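Numbering (our numbering), first residue to last: 441 to 609. Note that beta-carbon positions come from the ideal geometry of N, C-alpha and C, so glycine has one too. Source: prediction; values computed, not measured.
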């Protein structure tokens, strides 16, 4: 083997070795970065509102970060459930308040109607009382006249009785 051939073979060996090392390094880096890509994808989905995502939990640093991520998502779900429950309670309370307000409004309208009727009755009595007083005074005058006439008739009756007794006696 000549020296030139030996150099070419050496260079080829070095190139092939570098190429193999590069491929191996690429595969190692790709494997090492896969959990980061999964985490990035999980964050993207959460950002879009998908809380159903669950990342793989492992013992390495990325796996621990994934566990914290999963825990945070579960807490978000709990908060969202509580907000939903509170919103339903507020809606229910609002409906009850609306019904109560309508009932109170109807009761107030009933009271106002009763007050209006009472006022009309009082006004009617105000106009009727003087009329009734006039009638009572007129009846009193008539009764007095009747009493006077009755007294007159009693006197005349006594006079007639007296004349009758004189005439018989």
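**Request:** Kindly indicate which three-state DSSP category residue 503 falls into: helix, strand or coil?
**Result:** helix
**Item:** Continuous alpha helix (DSSP H) assignments of at least 4 residues falling wholly in the segment 509-572
**Value:** none
**Message:** I'd like to know if the segment 523-530 and the segment 496-507 are in contact, where contact means that at least 3 CB-CB pairs between them fall below 8 Å.
**Reply:** no
**Asked** With burial defined as no fewer than 16 other Cβ atoms inside 10 Å of the residue's Cβ, what is the status of residue 506: buried or exposed?
**Response** By the 16-neighbour rule on beta-carbons within 10 angstroms, residue 506 is buried.
**Item:** Reference residue 496, options 510, 559, 519, 574, closest by Cα
**Value:** Looking at the Cα atoms, 510 is the closest of the given residues.
**Message:** One question on the structure: do residue 493 and residue 482 come within less than 8 Å of each other, judged by their Cβ atoms?
**Reply:** yes
**Item:** Nonlocal neighbours in the same chain, by C-beta distance under 6 Å from residue 512, ignoring five residues either side
**Value:** none
**Request:** Give the straight-line distance between the Cα atoms of residue 544 and residue 538, rounded to the nearest whole angstrom.
**Result:** 10 Å
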